[in-house]
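Protein chains in written order, with the working numbering: chain D, 7 to 193; chain E, 7 to 193. Every residue, glycine too, gets a C-beta built ideally from N, C-alpha and C. In this text, all values refer to a predicted model and were calculated from it rather than measured experimentally. Notes follow the structure.
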DNA sequence: CGATATCAGATACTAGGAGTATCATTATGT
DNA sequence: ACATAATGATACTCCTAGTATCTGATATCG
């Protein structure tokens, strides 16, 4: 009753995943399925045996990439915590490879709802992981208890993504922090 | 010395431009060159005689679309003016066709720097057209004279584009206005 | 008018990449 | 040994952008 015949080679799975992740990070979405097979040192057919379409393959890879680690700051004040997050994010975007990849993936979200879904989920997960930061801020009275935290993060993420997508320069972290905290009206 | 031979038919140019604009508005970027020729009632070759590549064709169409009219409010207060702009923009995004088209075009900016350039230029033009709104606000003391107005608009545009790209709901205009003016800290 | 230049439409071609189908080969279980 | 199933290689099909060519229409020059 048990399975006969040659077993799927787990190193093939692994090599393909590695190759895809590497290619996405280094070349965005501009690579062919032959590139994947070549980079993995694997037959082209074995790639299509794992993933019915290139899209399926990319979706898995993107979900993995979105899961990368994020640091959760605890500086003692919300302003300080926010400064850390903003600085870290901006630093990440200043890597040319990262921003190019992010641009393409973000762009793909505009045409493929599944990519949008992955980004949405990834961002939600990240947000939930750092929930404690906001709880502390509310406890300290630095944020109103009913603050729309999703809007706060989306406002920041959106601004960075927008400038990044259009290849416009990003301001200093401090400036962003001040605007998020106090808006544009005069002090 | 003057031009001999049959003259270019201006109605052909016009019909092609119309067809492209219509297709972009109704189908984003998902159409073939045959679609264009068919919609224009024109030979496929005539399309390629006008535009060397599909990309060139799209760039012209997008530049035209970006030039659509924007109203310049004058309600007497910056908060009022801002409310108008925010409401108008959100209303526009609530048309499913508009948001789908915008998503795709925005997405394309992630891979094609020329598309990004068109959006950049279009936004800059719109911004310059409504400069008077900000001047009045500064005169009335509602904005500091050194306010980063580009950041203000990009923060808003970025937020809307981000939520739109990821198909997330947009909040009420009033909430956005308050955040842009006063940030997230408690009053 | 007639020669010639240029445009329009139609059609067949090339190029490149995703996805499919086939086949011989190799590994595993009975 | 034999059946089964995965592997790599290769040769397809399909789609669409872009090219090349042919025929016919229309305008200008002499």
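- Taken residue by residue, none of the segment 95–106 of chain D has a beta-carbon sitting less than 8 Å from a beta-carbon on chain E.
- About 4 Å separates the beta carbon of residue 109 (chain D) from that of residue 116 (chain E), a gap short enough to meet the 8 Å contact definition.
- Between the segment 73–88 of chain D and the segment 44–64 of chain D, the count of C-beta pairs closer than 8 Å stays below three; the two stretches do not touch.
- The beta-carbon of residue 190 (chain D) is placed less than 8 Å from the nearest beta-carbon of chain E.
- For the set D:17, D:154, D:61, D:125, the Cα lying nearest the Cα of residue 187 (chain D) is the one of D:154.
- With respect to residue 40 (chain D), residue 169 (chain E) sits apart: the two C-beta atoms are not nearer than 8 Å.
- Closest in alpha carbon position to residue 20 (chain D), among D:11, D:53, D:100, is D:53.
- Neighbours of residue 133 (chain D) in chain E, taken as residues at a C-beta separation under 9 Å, are lacking, since the least C-beta distance is about 12 Å.
- For residue 88 (chain E), same chain residues with a beta-carbon under 6 Å away, outside a window of 5 residues either side, are 183 in chain order.
- Fully contained in the segment 66–92 of chain D is no beta strand (DSSP E) run of length 3 or more.
- A contact between stretches requires three or more CB pairs, one per stretch, nearer than 8 Å, and the segment 139–155 of chain E meets this requirement with the segment 82–101 of chain E.
- In this chain, residue 37 (chain D) is not harboured by any alpha helix (DSSP H), its DSSP state being neither H nor E.
- For residue 34 (chain D) and residue 9 (chain E), the gap between their C-alpha atoms comes out near 48 Å.
- DSSP, read as helix, strand or coil, puts residue 136 (chain E) in coil.
- Residue contact check for residue 24 (chain D) against chain E: no CB pair falls below 8 Å.
- The continuous alpha helix (DSSP H) containing residue 168 (chain E) extends over residues 155–171.
- For residue 174 (chain D), there is no enclosing alpha helix (DSSP H), as DSSP gives it neither H nor E.
- Contact of residue 117 (chain D) with chain E by beta-carbon distance below 9 Å involves 34, 35, 36, 109, 110, 113, 114.
- Judged by DSSP secondary structure, residue 193 (chain E) falls outside any alpha helix (DSSP H); it is assigned neither H nor E.
- Two segments are said to touch when three or more pairs of C-beta atoms, one from each, lie closer than 8 Å; by this definition the segment 125–132 of chain D does not touch the segment 129–141 of chain E.
- Under the three-state reduction of DSSP output, residue 48 (chain D) falls in the coil class, being neither helix nor strand.
- Here DSSP, grouped into helix, strand and coil, assigns residue 12 (chain D) to coil.
- Around the beta carbon of residue 172 (chain D), 16 or more other beta carbons sit within 10 angstroms, so the residue counts as buried.
- For residue 103 (chain D), the enclosing alpha helix (DSSP H) begins and ends at 102–115.
- For residue 167 (chain D), the closest Cβ of chain E is nearer than 8 Å.
- Among the residues of the segment 50–62 of chain E, none has a Cβ less than 9 Å away from any Cβ of chain D.
- Residues of chain D whose Cβ lies closer than 8 Å to the Cβ of residue 160 (chain E) are, in chain order, 165, 168, 169, 174.
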